[in-house]
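**Q** Quick note on numbering: the sequence shown equals residues 396 to 735 in my numbering.
Where a beta carbon is used, it is the ideal one built from N, C-alpha and C, also for glycine.
Take this structure first; my questions come after.
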Amino acid sequence: MTDTLVLPEVAEPAERVETRRRIRPSGGVDLVYRIVLHCGGALVLLLMTLVGVFLLQKASRALNLAGWSFLTTEAWEPDSGKFGIAAVLTGTVLIAGVAIAIAVPMATGMALYVSEYSARWLRPWLILLVDLMAAVPSVVYGLWGFAFLQGHVIGLARWLSTYFAWIPLLKVTNADPRDPLATATVYTSSTFIAGIVVAMMISPVICSIMREAFSQAPIGEREGAYALGATRWGMIRSVVLPFGRGGMIGGTMLGLGRALGETIAVYLIISPVFVIQPHILQNGANSVSALIALRYGESGPVALSALMAAGVALFLMTLIVNFGAGMIVARSRSGAESEA
């Protein structure tokens, strides 16, 4: 009797299996699904391109008239040929910066509590409340900020200007914060108040994206951290936060994109000025979207073209922010393709 030598099967490299899997012809349903996805993506790009072309076409008259001074001029007097977006662009960035500085820590805390600390029976209700906050119309936030928040935040603004006036952004000119008889109107309709309202609007969106990223952290790594003696916060710091970094960055950049383009809430709160006003606690602010809403109905041909040019600047800014967020998320762990 002859012994037969049986060789063990050699596992095929995962890269070769994956390559074979990719080149395998798809079935009819898969092919239709891929075609629909590609058509949807192409349609989005086409619409975005058409919007950009339309804005550039309408803005060409104002851009040819103003030239590069459109980016450096503070005044907005299109009928006299002197107009630019230096002031409103600065105000847009400041309002969005204040909103992000407030919204990101708040959204991160909410997302961690909902995904890691809340009881199972309470979690669906918290998720529902956060989603309902995101569904509230912006005009409601604006009315709330104008009628309620503005009067209650003056004390905080005065305190910040009293003890932190050495920071240029928190300085209030032509006002003595230590004088109890000084008028409080210098602290109203400010970048700070508008930023708080916008932060309330974007924090639910940021929280939802972060929560989804945190909840997808691998169970094995969570249990491994506990097995090594980590506390719950230690596990969150070593597993959940690193895994959810892409979601945190993506949610933040998405919130920033919305903050840059917020219109009605900012329009209801600010007192428009057309000078670069870097003091966020002081009365007077402006933004590109609020400028368009304020002047659109009364604009002539040149002024309307100038508003379209301002819209082009805001369009390009939000595109840069969103594309940057997409690149960062794609390189991060939670935004990359699964290696399983």
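(1) If you check the beta carbons only, do A481 and I671 fall under 8 Å apart?
(2) By the three-class DSSP mapping on this structure, what secondary structure does K566 have?
(3) Nearest by alpha-carbon distance to F465: which of G719, A708 and A622 is it?
(4) Could you check where the alpha helix (DSSP H) with F587 kicks off and where it finishes?
(5) With distances taken from CA atoms, which of I601, V635, G629 and S700 is nearest I614?
(6) Please state whether the Cβ-Cβ distance between Y609 and A506 is less than 8 Å.
(7) Please check the pair I495 and L651, which I expect to be a contact at CB under 8 Å, by giving their CB distance rounded to whole angstroms.
(8) A529 to A725, Cα distance in whole Å?
(9) Would you please state the rounded distance, in angstroms, between the beta carbons of A688 and Y536? I believe it to be under 8 Å.
(10) Decide if the region 546-564 is in contact with the region 577-592; the criterion is three or more beta carbon pairs, one per stretch, under 8 Å apart.
(11) Would you mind sorting R394 into buried or exposed? The rule is 16 or more other CB atoms within 10 Å of its CB.
(12) Between which residues of its own chain and T713 is the CB-CB distance below 8 Å, once the five residues before and five after are set aside?
(13) According to DSSP, simplified to helix, strand and coil, what is N459?
(14) Would you mind working out which of S694, A579, R429 and P673 sits nearest V493, comparing C-alpha positions?
(15) State buried or exposed for Y582, treating a residue as buried only when at least 16 other CB atoms are found within 10 Å of its CB.
**A** So, to answer that:
(1) Yes; because the gap between Cβ atoms is below 8 Å, this pair is in contact.
(2) Note: K566 maps to coil in three-state DSSP.
(3) Cα-wise, what sits closest to F465 is A708.
(4) Here the alpha helix (DSSP H) through F587 covers T586 to S610.
(5) For the residues I601, V635, G629 and S700, the minimum Cα distance to I614 belongs to V635.
(6) The sequence given here has Phe at residue 609, not Tyr. Yes, these two residues count as a Cβ contact at 8 Å.
(7) Right, their Cβ atoms sit about 6 Å apart.
(8) Distance between the alpha carbons of A529 and A725 is about 25 Å.
(9) The Cβ separation is near 15 Å, so there is no contact.
(10) With three or more CB-CB distances shorter than 8 Å, the region 546-564 counts as touching the region 577-592.
(11) The first residue shown for the chain is 396 and the last is 735, placing residue 394 beyond what the model contains.
(12) Result list for T713: G652, L655 and G656, in chain order.
(13) DSSP places N459 in helix when its eight states are reduced to three.
(14) If we check each option's Cα against that of V493, P673 comes out closest.
(15) Taking every protein chain shown into account, the CB of Y582 has 16 or more other CB atoms within 10 angstroms, so this residue is buried.
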